[in-house]
């Protein structure tokens, strides 16, 4: 498949298989400004504004716009530190400022937390580009999917269907732009992240949305898993109108109950 068309097709397949109202996001790290793809908007240079990264995520997935974010474009501290765009260490004057506002009462616990904060090497990258996977004109490093709980369950089943594995994540209530990206960039694993308060207050995230992140190399695996589930009729659920005892069950339930000597129920 030529060029970036395969990634656009991945994006279209995800939207169809998950019935997504917005596009999956394609994020690529940039080592230099010259690597910026054609058509990407630089907020400060092109629009004379700044955006928080969560806002760029929202504009990309909701309006199909592509943005290049360098250090001068950001309006939030967390991605500047996490993507290695600013100097940050215990001896730096910015360190105690961040430490005070983490919401961690104990000073030593706050320092330990910062030591483990997900980060890329300082100065290794100049920025990043973020846009809709369905219209991508660059090769992404990772993909972010804003899901509801129904769509997330289908993704989790897709992961399990291919490798017999479960998705493991750790959770924080803030800094979703960091936790949905940096760990995946570093370890190449799937990850689940809850949109943080800033994502809700400034970037229009819905209360029930959840972010599912994956490296580009596992896109085919996810889509293959979703297609498999669709083929066998799994991943379609209909909400009950009331709670019924002795509800209808698949045949293998009855087979197991028969083996265990339990009530099988009406098989008609």
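Residue numbers (the working numbering): 1 to 268.
C-beta atoms are modelled at their ideal positions from N, C-alpha and C, and glycine is treated no differently.
Residues near residue i in its chain [Cβ-Cβ closer than 7 Å; skip 5 each side]
i: residue 36; result: 30, 68 and 129
i: residue 239; result: none
Own chain, CB closer than 8 Å to residue i, minus 5 neighbours either side, in chain order
i: residue 220; result: 10
i: residue 113; result: 102 and 104
i: residue 135; result: 8, 11, 23, 64 and 66
Closest residue to residue i among the options (Cα-Cα distance)
i: residue 65; options: 133, 119, 239 and 242; result: 133
i: residue 208; options: 196, 118, 243 and 48; result: 196
i: residue 4; options: 46, 138, 21 and 14; result: 138
i: residue 141; options: 84, 186, 87 and 256; result: 186
i: residue 161; options: 243, 224, 34 and 63; result: 224
i: residue 171; options: 165, 179 and 164; result: 179
i: residue 144; options: 227, 168, 184 and 249; result: 184
i: residue 119; options: 73, 99, 81 and 126; result: 81
i: residue 44; options: 111, 59 and 70; result: 70
i: residue 34; options: 126, 217 and 188; result: 126
i: residue 110; options: 124, 233, 90 and 121; result: 90
Check whether residue i and residue j have beta carbons under 8 Å apart
i: residue 92; j: residue 75; result: no
i: residue 146; j: residue 61; result: yes
i: residue 149; j: residue 17; result: no
Cut-off 6 Å between Cβ atoms - residues of its own chain near residue i, not counting five sequence neighbours on either side
i: residue 53; result: 79 and 177
i: residue 203; result: 54, 55 and 58
i: residue 151; result: 18
Residue burial classification, residue i (beta-carbon count within 10 angstroms, cutoff 16)
i: residue 103; result: exposed
i: residue 1; result: Confidence in residue 1 is poor, its pLDDT being 45 and thus under 50, which makes the residue's placement too unreliable to answer from.
i: residue 55; result: buried
i: residue 205; result: buried
Distance, residue j Cα to residue i Cα
i: residue 94; j: residue 154; result: 42 Å
i: residue 278; j: residue 190; result: No answer is possible for residue 278: the residues shown for the chain start at 1 and end at 268.
i: residue 86; j: residue 96; result: 15 Å
i: residue 193; j: residue 131; result: 19 Å
i: residue 72; j: residue 46; result: 12 Å
i: residue 212; j: residue 98; result: 27 Å
i: residue 269; j: residue 251; result: Any answer about residue 269 is impossible in this case: the structure gives the chain only from 1 up to 268.
i: residue 198; j: residue 262; result: 51 Å
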